[in-house]
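Enquirer:
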Amino acid sequence: MAAITPAAAEFATGRCYSFPVEKVIPIVPQNRLAIPPLRQDAGLPLADTLGRGLRDLRISVTDRCNFRCTYCMPKEVFNDDYEYLPQTEILTFEEIVRLSRIFASFGIQKIRLTGGEPLMRKGVESLIAQLRAALPTIDITLTTNGSALKAKARALKDAGLSRITVSLDSLDDATFRAMNDVDFPVGKVLESIDAARDAGLGPVKVNMVVKRGANDHHIIDMARHFKGTGHIVRFIEFMDVGSTNGWRMDDVIPSREVVHRIHEAFPCEPWNAHYKGEVAKRWRYLDGGGEFGVISSVTEAFCSTCNRARLSTDGALYTCLFAQQGFDLKSLLRGGQDDVSIRDAIAAVWQHRTDRYSEIRTAETAKARKVEMSFIGG
Ligand code: SAM
Ligand code: SF4
Ligand code: SF4
């Protein structure tokens with residue numbers, strides 16, 4: 066059962082909190098936690114301290130992006146002075162494939178390539194082809210801002226990509242340009258979604274981060290536009306990821322309000338999850354116009370079923386989107402460790418996992434310095 070979080074409860078009382086963007090500096094973590102000891106008695110299947118398995122792997126293939134979405138990579142911080150990772154610190158395709166194989170030995174069912182903007186990583190199609198060859202039966206997906214997708218959709222499909230998610234925060238051009246903050250037009254993203262469908266990457270999932278006052282007045286337009294197309298919009302609560310996006314609880318539109326607004330325009334009902342631990346809660350339109358989803362990380366935490374691991378651009382394992390530190394796998398790879406030792410290290414980290422950030426989020430935790438989302442991947 067999803068928990069109503071302390072942050073949401075605080076919001077309900079009208080006491081809200083915030084922290085100013087100019088006072089924070091992004092962290093690229095320096096002090097990696099040491100790998101804990103492997104508990105030999107723990108056995109398989111692998112489970113963490115709360116009994117959660119390891120099902121999904123998200124891989125950030127670059128910490129760079131051509132957008133400056135205000136809620137993710139605000140321009141004031143990610144400016145010309147910002148130091149991105151040097152090439153030598155970024156995992157090579159061979160290293161990503163090797164780690165993916167090792168993760169797959171735990172029964173991972175899905176790999177999502179993300180970032181930063183994954184289509185900015187040169188040769189990402191080749192990475193997908195290598196992953197597909199190594200892991201023929203696994204679901205390989207990718208999340209993109211859609212800016213470069215039109216030209217690449219066919220090649221991604223041919224390389225073996227299973228499906229794609231495109232982020233799109235508004236259909237209103239002015240609003241979209243303001244939110245991506247690089248004046249990128251909405252029309253090009255819509256063309257990319259068409260190209261992805263034509264290439265066989267549908268149904269396309271369309272992610273809309275809902276931020277009060279910025280784009281919440283476009284929720285219904287978004288639902289209407291994609292209703293009946295087979296594509297699936299997911300309305301995401303604005304989250305306090307990283308420490309630079311000036312997050313305020315006031316700016317979060319709870320998913321239940323999103324559903325309420327949509328229901329008034331297009332009656333809908335809850336629908337079954339595809340599998341245990343699915344992040345989005347599914348709703349379907351009563352008139353047969355398909356489905357949409359809501360992702361309620363802030364107001365209805367789903368930590369109890371969280372089975373996702375994240376691999377950062379520089380090869381650290383993060384067991385939570387809101388983590389402050391990761392476990393350095395790259396130095397094991399480059400230090401000559403064999404697959405069994407690396408597998409044991411991953412298992413040990415997972416066995417010790419206690420993360421449940423969204424269940425315990427408060428004004429204080431929201432202010433804590435966490436790793437940036439563009440670094441570990443959304
Ligand atoms: N650049 C790609 C993109 O935008 O699709 C992939 C990386 S992005 C970090 C992955 C997803 O995280 C996107 O759908 C984005 O909208 C979402 N996201 C980023 N910052 C967020 C925040 N503060 N709250 C909620 N979702 C966020
Ligand atoms: Fe870039 Fe995606 Fe973050 Fe927007 S959400 S700044 S497109 S990484
Ligand atoms: Fe998983 Fe962390 Fe999000 Fe909870 S807060 S659902 S543990 S990533």
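According to my numbering, the stretch in the sequence shown is residues 66 to 443, in order.
We treat Cβ as the ideally placed atom computed from N, Cα and C, and that holds for glycine.
When you compare only the Cα positions, how much space is there between V274 and V231?
Expert: Using only the alpha carbons, I get a separation of about 12 Å.
Enquirer: By DSSP, does I176 sit in helix, in strand, or in coil?
Expert: I176 falls in the strand class under three-state DSSP.
Enquirer: Could you please go through the chain and list the residues whose beta-carbon is closer than 7 Å to any non-hydrogen atom of ligand 2?
Expert: The answer, residue by residue, is C130, F132, R133, C134, C137, M138, G180, G181, E182, N210, S232, N245, M438, S439, G443.
Enquirer: Starting from Y383, trace the beta strand (DSSP E) in both directions and tell me its first and last residue.
Expert: Note, Y383: beta strand (DSSP E), 381 to 383.
Enquirer: Looking at ligand 3, does it come within less than 7 Å of R123, judged from the CB to the closest heavy atom?
Expert: No; taking the cut-off as 7 Å, the Cβ of R123 has no heavy atom of ligand 3 nearer than that.
Enquirer: What I want to know is whether the C-beta of S362 ends up closer than 7 Å to one or more non-hydrogen atoms of ligand 3.
Expert: Because some heavy atom of ligand 3 lies under 7 Å away, the Cβ of S362 counts as near it: yes.
Enquirer: Nearest CA to the CA of R186: which residue from R104, C130, D145?
Expert: Among R104, C130, D145, the Cα nearest to that of R186 is on C130.
Enquirer: Across which residues does DSSP place R348 in a beta bridge pair?
Expert: The residue asked about is misnamed: residue 348 is Trp in this sequence, not Arg. In the DSSP output, where bridge partners are listed per residue, W348 has P335, F357.
Enquirer: Could you check how far apart the C-beta atoms of L196 and S165 are, in whole angstroms? I think they sit under 8 Å.
Expert: With 8 Å as the limit, L196 and S165 qualify as a contact, their Cβ atoms being about 6 Å apart.
Enquirer: Using the Cα positions of A194 and T427, report the straight-line distance between them to the nearest angstrom.
Expert: Between A194 and T427, the C-alpha separation is close to 42 Å.
Enquirer: I want to know whether the segment 242 to 261 touches the segment 209 to 218 - three or more CB-CB distances under 8 Å.
Expert: Yes, the segment 242 to 261 touches the segment 209 to 218.
Enquirer: Kindly indicate which three-state DSSP category S125 falls into: helix, strand or coil?
Expert: Strand.
Enquirer: If we count Cβ pairs, one from each stretch, closer than 8 Å, do we get three or more for the segment 355 to 365 versus the segment 328 to 347?
Expert: Contact holds: three or more Cβ-Cβ distances are below 8 Å.
Enquirer: Quick check on DSSP: helix, strand or coil for A374?
Expert: Here A374 sits in strand by DSSP.
Enquirer: Quick one: what does DSSP say I203 is sitting in, helix, strand or coil?
Expert: Note: I203 maps to coil in three-state DSSP.
Enquirer: Y340: buried (16+ other C-beta within 10 angstroms of its C-beta) or exposed?
Expert: The residue is exposed, with fewer than 16 neighbouring Cβ atoms inside 10 Å.
Enquirer: If you scan the segment 223 to 280 from start to end, which runs of the beta strand (DSSP E) of 3 or more residues do you find wholly inside it?
Expert: Taking only runs of at least 3 residues, the beta strand (DSSP E) segments lying wholly in the segment 223 to 280 are 228 to 232, 270 to 275.
Enquirer: Report yes if the CB atom of A413 is closer than 8 Å to the CB atom of I100, and no otherwise.
Expert: The answer is yes: Cβ separation under 8 Å.
Enquirer: Would you tell me roughly how many angstroms separate the C-alpha atoms of E87 and L397, rounded to the nearest one?
Expert: Below a pLDDT of 50, predicted positions are generally treated as unreliable, and E87, at 42, falls in that range; the measurement from the model is reported next regardless. Using only the alpha carbons, I get a separation of about 36 Å.
Enquirer: In whole angstroms, what is the alpha-carbon distance linking T384 and C137?
Expert: Using only the alpha carbons, I get a separation of about 20 Å.
Enquirer: Could you name the residues whose beta carbon sits closer than 7 Å to any heavy atom belonging to ligand 3, keeping them in chain order?
Expert: Ordered along the chain, the selected set is S362, A366, F367, C368, C371, R373, C385, L386, F387, D420, R421, Y422, S423, E424.
Enquirer: Where does Q95 sit, in a helix, a strand or coil, going by DSSP?
Expert: Confidence is the limiting factor: at Q95 the pLDDT is only 47, short of 50, which leaves the residue's position unreliable and the question unanswerable from this model.
Enquirer: Among residues of its own chain, excluding the 5 on either side of N245, which ones have a beta-carbon nearer than 8 Å to its beta-carbon?
Expert: Result list for N245: F132, R133, C134, N210, D234, in chain order.
Enquirer: State the Cα-Cα distance for the pair G293 and D286, rounded to the nearest angstrom.
Expert: Distance between the alpha carbons of G293 and D286: 13 Å.
Enquirer: Mind checking which residues open and close the beta strand (DSSP E) that includes V405?
Expert: That residue, V405, is in no beta strand (DSSP E); its alpha helix (DSSP H) goes 404 to 416.
Enquirer: Whose C-alpha, out of S227, K432, P201, A264, is nearest the C-alpha of F313?
Expert: In the sequence as displayed, the identity of residue 313 is Arg instead of Phe. The shortest C-alpha separation from R313 is found at K432.
Enquirer: Identify the continuous alpha helix (DSSP H) that holds E160 and give its terminal residues.
Expert: Looking at the DSSP string, the run of the alpha helix (DSSP H) that includes E160 is 158 to 169.
Enquirer: Could you say if the segment 140 to 155 and the segment 404 to 413 meet the contact criterion of at least three C-beta pairs nearer than 8 Å?
Expert: Verdict: no, contact absent.
Enquirer: What do you reckon, is the C-beta of V271 under 7 Å from a heavy atom of ligand 1?
Expert: No, the beta carbon of V271 sits no closer than 7 Å to any heavy atom of ligand 1.
Enquirer: DSSP beta-bridge partners for E302?
Expert: Answer is V275, bridged to E302.
Enquirer: Find the nearest neighbour of L119 within the set T419, E437, W415, judged by alpha-carbon distance.
Expert: Among T419, E437, W415, the Cα nearest to that of L119 belongs to W415.
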